[in-house]
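Position in the sequence shown (from 1) plus 7 gives the number in this note's numbering. For every residue, glycine included, the Cβ atom is placed at its ideal position computed from N, Cα and C.
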Amino acid sequence: MDVTDDQAVTGAETSCHPLPVLYSFRRCPYAMRARLALTASRQDCVLREVVLRDKPAEMLELSPKGTVPVLHLPDGQVLEQSLDIMRWTLSRHDPEGWLRPEAGSVAEMEALIGECDGTFKHHLDRYKYSVRYGPETDPLYHRGEGATFLKHLNERLKGQAHLFGNGPSLADFAIFPFVRQFANTGREWFDAQPLANLQTWLSGHLSSDIFQSVMRRREDTDSAAVQRLLH
Ligand SMILES: N[C@@H](CCC(=O)N[C@@H](CS)C(=O)NCC(=O)O)C(=O)O
């Protein structure tokens, strides 16, 4: 994935093959999973880095709910859920076989992702941002509840390098950005847990080329910045 300058992007947008536009926020785990899937499927797109407190009007017009990621397709379709973006791009081109796990099915992967986005995310938010939820919210309680999911993942990773076999699949890429956020909230605590399989799995994903590539800092993080994800 390369980044070209705004002028080149403008040319790309007005060419006879207009590119999808991805509204993204670098540190958002939902946006990370979308960028990972777009990169794996070699889907070029125009990347618009959004400042969450100053969302661009054109994004809000397309998707009034105001969350990132949002993918605006050249035919006018708007995908406003991270998993929909992953499914859309991988169903067009899936050279790494993310939708063909070695063990288990797409439905099973989606069920695990559902646990991540549901209960685990609930506890992650209350652990990481407890003050936002009021004084009665105990971050350590939510850390403990979130750890149930971490233990479950650690069990799955016994005897296989990834969640659905030895090769990484949709579930790994959809889930690890959230485990990363949980781990970073209390690094010492995370590293001290008896979760060796999970710790190895997470550090492998964090040091992977694809993750480094989607996390590369863009020079201009202004909300008007237009950059391009190229593969
Ligand atoms: N269900 C959505 C959730 C996306 C989401 O909540 N993104 C957060 C950032 S990580 C967001 O945009 N929040 C709006 C805000 O903070 O203003 C998805 O899967 O794409």
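Nearest to residue i (by Cα), restricted to the options the options
i    : options                : result
T155 : D179, H169, F197, P184 : F197
P81  : D51, F185, K62         : D51
S176 : A64, A38, L106, L29    : L106
W95  : H169, R42, D179, G211  : R42
R187 : N173, S89, L157        : L157
F3   : H212, P63, S48, H24    : In the structure as shown, the chain starts at 8 and stops at 238, and residue 3 therefore has no counterpart that could be examined.
F189 : L59, H169, Y136, Q84   : Y136
R103 : A44, E143, Y37         : It should be pointed out that residue 103 corresponds to Glu in this sequence rather than to Arg. Comparing Cα positions, the closest option is A44.
F185 : L160, G172, D101, R223 : L160
DSSP-derived helix/strand/coil call for residue i
i    : result
V16  : For V16, the pLDDT reaches just 45, beneath the cut-off of 50, and the residue's location in the model is therefore unreliable, leaving the point undetermined.
C123 : helix
D61  : strand
Y148 : helix
Residue i: CB within 7 Å of a non-hydrogen atom of ligand 1
i    : result
V28  : no
L90  : yes
P75  : According to the sequence provided, residue 75 is Val. The question's Pro does not apply to it. Answer for V75: yes, Cβ within range of ligand 1.
Y37  : yes
F189 : no
F180 : no
F183 : no
L59  : yes
F32  : yes
At least three beta-carbon pairs within less than 8 Å, the region 71–81 to the region 206–217: no
Contact the region 119–134 vs the region 197–213: 3+ CB pairs below 8 Å: no
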